Every structure is written in C-alpha cells, then in structure tokens.
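Chemist: Each protein sequence line maps, in turn, to chains R and E.
Residues in the first sequence are numbered consecutively from 1, following my numbering.
Residues in the second sequence are numbered consecutively from 1, following my numbering.
Ideal Cβ positions, reconstructed from N, Cα and C, are used throughout, including at glycine.
Small disclaimer: the values here were computed from a predicted structure and weren't measured.
Number of protein chains: 2
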Amino acid sequence: MVKMVTETYIPRNRLFVLDDLSAGQAIELSAPQAHYLRNVLRFQDGEIVALFNGRDGEWAAQYLSQGKKTALAQVQQLLRPQNNIPDIWLVFALLKSDPMDFIAQKATELGVAALLPARTERTVVGRINIERMRNHVQEAAQQCERLEVPMVRECASLDEILANWDGSRILLYGDETGAGQSLCGLFPQRPEKLAVLIGPEGGFSARELDRLRTLPYALGINLGPRILRAETAALAALTATQLFWGDWEKVRGA
Amino acid sequence: MVKMVTETYIPRNRLFVLDDLSAGQAIELSAPQAHYLRNVLRFQDGEIVALFNGRDGEWAAQYLSQGKKTALAQVQQLLRPQNNIPDIWLVFALLKSDPMDFIAQKATELGVAALLPARTERTVVGRINIERMRNHVQEAAQQCERLEVPMVRECASLDEILANWDGSRILLYGDETGAGQSLCGLFPQRPEKLAVLIGPEGGFSARELDRLRTLPYALGINLGPRILRAETAALAALTATQLFWGDWEKVRGA
Numbered sequence: 001m002v003k004m005v006t007e008t009y010i011p012r013n014r015l016f017v018l019d020d021l022s023a024g025q026a027i028e029l030s031a032p033q034a035h036y037l038r039n040v041l042r043f044q045d046g047e048i049v050a051l052f053n054g055r056d057g058e059w060a061a062q063y064l065s066q067g068k069k070t071a072l073a074q075v076q077q078l079l080r081p082q083n084n085i086p087d088i089w090l091v092f093a094l095l096k097s098d099p100m101d102f103i104a105q106k107a108t109e110l111g112v113a114a115l116l117p118a119r120t121e122r123t124v125v126g127r128i129n130i131e132r133m134r135n136h137v138q139e140a141a142q143q144c145e146r147l148e149v150p151m152v153r154e155c156a157s158l159d160e161i162l163a164n165w166d167g168s169r170i171l172l173y174g175d176e177t178g179a180g181q182s183l184c185g186l187f188p189q190r191p192e193k194l195a196v197l198i199g200p201e202g203g204f205s206a207r208e209l210d211r212l213r214t215l216p217y218a219l220g221i222n223l224g225p226r227i228l229r230a231e232t233a234a235l236a237a238l239t240a241t242q243l244f245w246g247d248w249e250k251v252r253g254a
Numbered sequence: 001m002v003k004m005v006t007e008t009y010i011p012r013n014r015l016f017v018l019d020d021l022s023a024g025q026a027i028e029l030s031a032p033q034a035h036y037l038r039n040v041l042r043f044q045d046g047e048i049v050a051l052f053n054g055r056d057g058e059w060a061a062q063y064l065s066q067g068k069k070t071a072l073a074q075v076q077q078l079l080r081p082q083n084n085i086p087d088i089w090l091v092f093a094l095l096k097s098d099p100m101d102f103i104a105q106k107a108t109e110l111g112v113a114a115l116l117p118a119r120t121e122r123t124v125v126g127r128i129n130i131e132r133m134r135n136h137v138q139e140a141a142q143q144c145e146r147l148e149v150p151m152v153r154e155c156a157s158l159d160e161i162l163a164n165w166d167g168s169r170i171l172l173y174g175d176e177t178g179a180g181q182s183l184c185g186l187f188p189q190r191p192e193k194l195a196v197l198i199g200p201e202g203g204f205s206a207r208e209l210d211r212l213r214t215l216p217y218a219l220g221i222n223l224g225p226r227i228l229r230a231e232t233a234a235l236a237a238l239t240a241t242q243l244f245w246g247d248w249e250k251v252r253g254a
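1) Tell me, please, whether the CB atom of Glu145(R) is closer than 8 Å to any CB atom in chain E?
2) Can you name the residues of chain E whose CB is closer than 7 Å to the CB of Cys155(R)?
3) Report yes if the CB atom of Leu72(E) is closer than 8 Å to the CB atom of Leu64(E), and no otherwise.
4) Can you tell me whether Ile130(E) is helix, strand or coil according to DSSP?
5) On the CB-based measure, 16 or more other CB atoms within 10 Å of its CB, does Val152(R) come out buried or exposed?
6) Can you look up Trp245(R) in the DSSP assignment and give me helix, strand or coil?
7) Give me the Cα-Cα distance between Arg38(R) and Gln44(R), rounded to the nearest whole angstrom.
8) Looking at chain R, is there any beta carbon in it that lies within less than 8 Å of the beta carbon of Ser182(E)?
9) List the residues of chain E that Glu109(R) touches, going by C-beta distances under 7 Å, in chain order.
10) Classify Arg14(R) as helix, strand or coil using the three-state DSSP reduction.
11) Which residues in the same chain have their Cβ closer than 7 Å to the Cβ of Ser182(E), if we skip the five residues on either side of it in sequence?
12) Check the Cβ of Glu249(E) against every Cβ in chain R and list those closer than 9 Å, keeping chain order.
13) In whole angstroms, what separates the C-alpha of Asn84(R) from that of Lys250(R)?
14) Can at least three beta-carbon pairs, one atom from the region 106-120 of chain E and one from the region 146-166 of chain E, be found at a separation below 8 Å?
15) Give the interface partners of Leu115(E) over in chain R, defined as CB-CB distance under 8 Å, in chain order.
16) Could you tell me whether the region 223-243 of chain R touches the region 160-168 of chain R, where touching means 3 or more Cβ pairs closer than 8 Å?
17) Going by DSSP in three states, Leu212(R) sits in which element: helix, strand or coil?
18) Can you list the residues of chain B that Ala240(E) reaches, using a CB-CB cut of under 7 Å?
19) Below 8 Å between beta carbons: does that hold for Arg127(R) and Gly202(R)?
20) So with CB distances below 8 Å, who are the chain R contacts of Ala236(E)?
21) Identify the residues that DSSP records as bridge partners of Trp89(R): which are they?
22) For the region 129-146 of chain E against the region 170-177 of chain E, do three or more pairs of beta-carbon atoms, one drawn from each stretch, fall closer than 8 Å, so that the two count as touching?
23) Compute the distance between the beta-carbons of Glu145(R) and Arg14(R), then report whether it is under 8 Å.
24) As a quick exercise: from Arg55(E), Gln74(E) and Phe92(E), pick the residue whose alpha carbon is nearest that of Val125(E).
25) Quick check: what's the CA-CA separation for Leu194(R) versus Leu94(E)?
26) Alpha carbon to alpha carbon, how far is Ala218(E) from Thr177(E)? Give it in angstroms, no decimals.
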C-alpha cells in the first residue's frame, strides 16, 4: 500500500541524511535509522518519511526494506525548499552532562546555527562528549522540523576561540556584574552574524571580563535581575536574540 | 566567631521561611533547613544565613544550633527590601515528570509569579505531584536570589481555569496554527497582569482553540517558526514576556 504525497501531507517522521537529495534518488539509510523506522515505528514498504540534509530542502521519500538490517528511501518530491536561518552561534562554558544535553536540545529548537563548547578559567567540568552532543542536536533537529542540523565545534579554550574570532561576528556575552547593556534597541540594524557567549556557573574571571571589554566586536548584555543558571541564561539569551534579530517573527511553513 | 554583616556582605546561603522577619526576632528553622545548614554546609554557631519570606525583604540572620535536630536563626539586619515583581503567570498543560521539574526550576529563575498546572483535552499525563513542584520552586527561588516563592496552584482543567479567569489579566496562548500575533509591539502600554498559556505536546484541540479565540482577554501569540517542545515554548514565552513587559531591564540589586 503506497501513501500518496499530497501538498498538504506532512510526514511525522523526519530523518537527517548526508546524501544529496533530488527526485528519483535512492538513499541508503544508516543502520540506526533503518532500525528506527522498521522496529520502532513499524514502517511498511511504501510508507513516507521526510529527509533533509541541510542543503537541498525537505523531501518526501518512500521507505523500502532491504534484507534484515538495511533499508532504502526512494526520494520522491520536495516538501519544503531550503531556507536560510539566522547566523546565530552559542559559545558556552562546559557544564555537567544534564545541563549540556539540555543546551543541545533547546538551543537546536531555538534555531541556533552553531554550538561552540568552551573551557574558561572557572570551568569546573573538564571534558565534553562531542559525539553525544552531535547526536542530541541531530535528534532535536529532526523533531523540531528544522531543515539543517546545527554545527557542533570541537571544544576549545575561550582564549583560543577569541584568538580565532571573525571580527565581523558580534559577540554578546552575559555580563553578571550589572554593567551589561539592555537588549531592547541594541542594534539599529539587524546584525548579519551574531554569537551569544555564556560563562560557567562561577562567572567569567576578572581577566576574562577585562579581555572581553577590550574586544571591538564584543558587547556585555544584561540578562535580567535574577541569577540564572548557565543553561537558563543560554536559553534566555538565544530566545531574546531570535526575537530581536533572528527569525522568530517568521511564521512556520512560511 | 561571629561574622559581621557589612553592607557589601552577601550571604551565599538563602532560606525561605514562613515567619515574619524583623530585627531581633528568633526564627525556628524547619528540620530539613537545620539539617542542611548543620550537616551539608557545616555551619558553626554565629555564621550568617539570609532569610526571606516573600513579604519583608531579605534579612541577614545568625545561625544558632539548638540540640541535635533544631536550630534558630537570629534576625539581624535588612539586606534587601521587598520589591514588586511583574505579575506574570504561567498556565501549562501537565507534562511528564522531567519537563515539569524543568518548568518549575526555569520559570522560577525567569521570575514567574504563579504556576497553574492544567489538564487540557490532549493532555496525556494524568497527575502532578504538587508538593514536589512546590519544593522545586522553593529551592529554585532560594538559589536564584528571588525575594519571593512563586505560587503553585492546584491542578485544574483548562475549562475550570478559564471559567474562573479574572478578565483583567491578559492571557497569551501559544498558537501553533500560524495565526498567532507577533510579540514585538503587541501592547502599547505595559499590561498590569499577564499570563502565558502553553498547550500539551499534541497542541490544543479545535474546541479549545475556538473557545480561546472567543475570549476577550485571550490573545494567540506566535512563538517562532520552529516546533518547540512544550517546556521550551513555556520558557521562551516567559523570556519574551519578561523582556517586553516584565523586569528584565532591571539590573540585579537595583
């Protein structure tokens, strides 16, 4: 039984693939994806799944099982063209596993373009499992109907990140000292490239704050009158950034 | 050894109490609070803890052990006067335990005044542990330096909540149909009383949306072009509400 793809048909299941997508192509699904469709969702041959790769938009594809562990997806028709998302990054100091998973999921839902884990002077957590974060980010992108998966950079020290910074990308850092600027009306024009930087639970060191204050592309921002946990601050700052300079005002599907 | 309270001294430890607070009073701490100070933080007699009750501001108090399980706090001096917080409520459809804990903690950090758990037609989760939520909210309030603990109402159906609604409180509901209004510039004047309403994972039913659309105090809002999980939507909407009509612009300590 083959489900017809109509203009109003929106598949509930979306998978991210690396291959190019165009009508008529047969994509070999990864083993976990084939397992997910066959054993979790109980897909039958001919059922429709949506595919996206971050470049070619979202496509309807027919599921076709191939033996016990593999499956193909036969690409049929374009559901949504690729669109440009706001170029907003999140640089965040390493946190414990739970809040870091939280950041991966929520920042993806909030439309972040890239995640940059950083070690700062007061960072307590020593390491990050980048593969785990990439998996969380991909899963979240599939679920929240994004057409691209945010980039997750390898972890680096804040010093290294700043040393290699593209000065045309404005860096908004959460300033806990009360000296941060108000977000409302901060930029008369929408900046092309933005990043939000959130420090660790203990805040930035005096040296880090001094350095940030000398950078021509960095601006301290006020994140409100309450003390926010690092992951809450990241989420609130991303929300505000999308609201003022991102794509929040865009209606879904438009 | 008695630590002196100076104007710049900010105690790292804050406890919520029910008693009135004024200079010279001796407050009997609850058994868990006494245990926390004595056994977790290793408090010695004379050390300073901050107390708040949501009415009288924040006070420095001296810890004094009393036997093995009880302790007194001798109220000394006012650290911060009580301030009024924005009257912003969150009405949310019941979720599973983890996202509900998340809402309790993050909504408190973001300065919500009251949390109202609701059953909607598509709510899958049947029950909520109100005591657990109240504990989470109190803990978060202690940590984020709020001077009050958000009210947590008993769970009710959305119909009941709307039937008893004070029509002077504007109700902003997340409208997933794309018909929601833009938040920027929604109100020319800051509304006195606001609430945000977030539906369950499956969204509001057609009947609920129809009802919401007829209510003079209710407004559907646009929460951006991506599909947000219910708990992310709640936090993003609260962030935006604080940013536009709340106290976000207030600097900490001011």
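Modeler: Taking the coordinates as given:
1) yes
2) Those do not exist, as Cys155(R) stays about 25 Å from chain E at its closest Cβ, beyond 7 Å.
3) yes
4) In the structure shown, Ile130(E) sits in a helix (DSSP, three-state: H, G or I).
5) Around the Cβ of Val152(R), a 10 Å sphere holds 16 or more other Cβ atoms; the residue is buried.
6) Three-state DSSP puts Trp245(R) in a helix.
7) Between the alpha carbons of Arg38(R) and Gln44(R) lies a distance of about 7 Å.
8) yes
9) Arg226, Leu228, Arg229 and Thr232
10) strand
11) Asn222
12) Ser182, Leu183, Cys184, Asn222, Gly224 and Pro225
13) 12 Å
14) yes
15) Going along chain R, no residue has its Cβ under 8 Å from Leu115(E), so there is no contact; the nearest lies around 16 Å.
16) no
17) helix
18) Note that chain B does not occur in the displayed structure, where the protein chains are R and E.
19) no
20) Leu110, Leu235 and Thr239
21) The partner list for Trp89(R) (beta bridge, DSSP) reads Ala114(R) and Ala195(R).
22) Two segments are said to touch when three or more pairs of C-beta atoms, one from each, lie closer than 8 Å; by this definition the region 129-146 of chain E does not touch the region 170-177 of chain E.
23) yes
24) For the residues Arg55(E), Gln74(E) and Phe92(E), the minimum Cα distance to Val125(E) belongs to Phe92(E).
25) 35 Å
26) 16 Å
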